[in-house]
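Remarks on the structure that follows.
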Amino acid sequence: MNSVTLNEIQRFSFDNTNVRGERVLLSSAYQEIIKRKQYPLSLEKLLGEFVAAIALLRDIVKIDGVLSIQAKGNGFLSTLMTECDELQNLRGIVQWDESQAVPEVISLKEVLDGGYLAITIQPRNGQRYQGIVEIVGDTLAECLEQYFSQSEQLPSRVWLAANGSQCGGLFLQRLPQEQAKVEDEDAWERLTHLASTVKEEELLGLETAVLLHRLYHEEDVRLYDIKTMQFGCSCSRQRTLDAVMSLGSEEIRELLIEQGSVNVDCQFCAEKYHFTETDLIDLLGDQAKTH
Ligand SMILES: [Zn+2]
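When we follow UniProt numbering, the leftmost residue of the sequence shown carries the number 1, and every step to the right adds one.
See the structure below:
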């Protein structure tokens, strides 16, 4: 199969049913994220599933702001997080215990060992909201299905895949009954059954219209506007400076004595931030006064 070079998400629905869906397929946006570190393939795949998932979630939870999924646990993954803002900028990272062998097939339950997922909605104006998702199965898709059934109380199904070049996802949700004009009774069963026949190479290799035609050629599928997504990092000099200042004046003074400056590399995009004593000294003075 040819490899596709798309970075897009598209919503769809089925006429005469309450069922809606989303499909995401990412190429360079995903490659930009995983090339920041030397990831073993299984971690590239895991991160890819998280990136596809945040893209889907971003389009379902329509807020003006930033949405993130963060996995927390006691296993060998110390950090696993992805983020997407309202302009479809995606970023993500995995950090793990590099002294341990990385499994070739990753079970989320095992690598997070008693951990959980935190889904955070940070509106541009408004209060931050965090939902906690238990790790109910081995895959992220299972955890997200659990999240939707709890937070939205709507039956939802998720399929995710990633291969180190592409990542993709498919989402189906059954909306409350009253929103449909007429619904044939077994629509949800039938449509989710057909979706569950999707192969990884189809999820990662076919344009959305082609994929949906292959799965649903006997259904009336309505496709909505395509939205383009891209890699984008929300770091800035000011945000990095705020993080440096949060170390406290004592630690910053020590760093200045040891290194002559404070240097921070963004973990997501590798941007380098360099703060000299002159950049920091006035702020340190202020901090000393206020504390
Ligand atoms: Zn950055």
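Every residue gets a Cβ at the ideal spot worked out from N, C-alpha and C, and that includes glycine.
The structure presented is a predicted model; accordingly, all values stated were derived computationally and were not measured.
Does DSSP put residue i in a helix, in a strand, or in coil?
{"i": "K272", "result": "strand"}
{"i": "K45", "result": "helix"}
{"i": "G285", "result": "helix"}
{"i": "E254", "result": "helix"}
{"i": "T192", "result": "helix"}
{"i": "R214", "result": "helix"}
{"i": "D59", "result": "helix"}
{"i": "V66", "result": "strand"}
{"i": "M229", "result": "coil"}
{"i": "Y30", "result": "helix"}
{"i": "K109", "result": "helix"}
{"i": "M1", "result": "The predicted position of M1 is uncertain, since its pLDDT is 48 and thus under 50; a value taken from the coordinates is nonetheless stated next. Correct three-state label for M1: coil."}
{"i": "residue 295", "result": "Nothing about residue 295 can be read from this structure; the chain reaches only from 1 to 291."}
{"i": "G205", "result": "helix"}
{"i": "C167", "result": "strand"}
{"i": "D279", "result": "helix"}
{"i": "I135", "result": "coil"}
{"i": "E200", "result": "helix"}
{"i": "L140", "result": "helix"}
{"i": "F14", "result": "strand"}
With the cut-off set at 8 Å, would you say residue i and residue j are in Cβ contact?
{"i": "S68", "j": "T120", "result": "yes"}
{"i": "Q88", "j": "Q259", "result": "no"}
{"i": "L160", "j": "A141", "result": "yes"}
{"i": "L215", "j": "A195", "result": "yes"}
{"i": "L211", "j": "E202", "result": "yes"}
{"i": "G131", "j": "G73", "result": "no"}
{"i": "L191", "j": "L170", "result": "no"}
{"i": "G232", "j": "L90", "result": "yes"}
{"i": "L112", "j": "G75", "result": "yes"}
{"i": "E8", "j": "G164", "result": "no"}
{"i": "I252", "j": "V264", "result": "no"}
What does the alpha-carbon distance come out to for the pair residue i and residue j?
{"i": "D256", "j": "C266", "result": "Correcting the residue identity first, residue 256 is Leu in this sequence and not Asp. Rounded to the nearest angstrom, the two C-alpha atoms are 19 Å apart."}
{"i": "R11", "j": "V61", "result": "13 Å"}
{"i": "C269", "j": "M245", "result": "21 Å"}
{"i": "A209", "j": "R23", "result": "10 Å"}
{"i": "V102", "j": "P40", "result": "7 Å"}
{"i": "S13", "j": "S156", "result": "14 Å"}
{"i": "D279", "j": "N18", "result": "57 Å"}
{"i": "I93", "j": "Y147", "result": "22 Å"}
{"i": "D85", "j": "R58", "result": "8 Å"}
{"i": "Y273", "j": "S236", "result": "9 Å"}
{"i": "Y224", "j": "A118", "result": "30 Å"}
{"i": "K227", "j": "L26", "result": "11 Å"}
{"i": "W96", "j": "N16", "result": "47 Å"}
{"i": "F50", "j": "E83", "result": "9 Å"}
{"i": "K289", "j": "L241", "result": "Reliability of the predicted coordinates at K289 is poor, the pLDDT of 44 falling under 50, and the value obtained from them is presented with this limitation in mind. Answer to the nearest angstrom: the Cα atoms are 18 Å apart."}
{"i": "G168", "j": "L247", "result": "38 Å"}
{"i": "L204", "j": "D184", "result": "30 Å"}
{"i": "L6", "j": "S28", "result": "8 Å"}
{"i": "Y30", "j": "E277", "result": "37 Å"}
{"i": "P123", "j": "G285", "result": "33 Å"}
{"i": "D282", "j": "K37", "result": "35 Å"}
{"i": "H291", "j": "S234", "result": "A caution first: H291 carries a pLDDT of 41, below 50, which makes its placement in the model too unreliable to give a value."}
{"i": "A162", "j": "D186", "result": "31 Å"}
{"i": "S149", "j": "L46", "result": "23 Å"}
{"i": "G126", "j": "H217", "result": "43 Å"}
{"i": "V66", "j": "E110", "result": "28 Å"}
{"i": "V158", "j": "E104", "result": "22 Å"}
{"i": "Q238", "j": "F275", "result": "11 Å"}
{"i": "V4", "j": "V221", "result": "22 Å"}
{"i": "Q100", "j": "S78", "result": "12 Å"}
Using a beta-carbon distance below 8 Å, is residue i in contact with chain D?
{"i": "A71", "result": "Given the protein chain composition of this structure (a single chain), no chain D is represented."}
Hey, residue i and residue j are a contact pair by Cβ (cut 8 Å); roughly how many whole angstroms apart?
{"i": "S42", "j": "I135", "result": "Not confirmed; about 17 Å, so no contact."}
{"i": "L175", "j": "R20", "result": "6 Å"}
{"i": "L144", "j": "A53", "result": "6 Å"}
Which residues end up in the neighbourhood of ligand 1 when you take C-beta atoms closer than 5 Å to any of its heavy atoms? Qualifying residues come out as C233, C235, C266, F268, C269 and E271.
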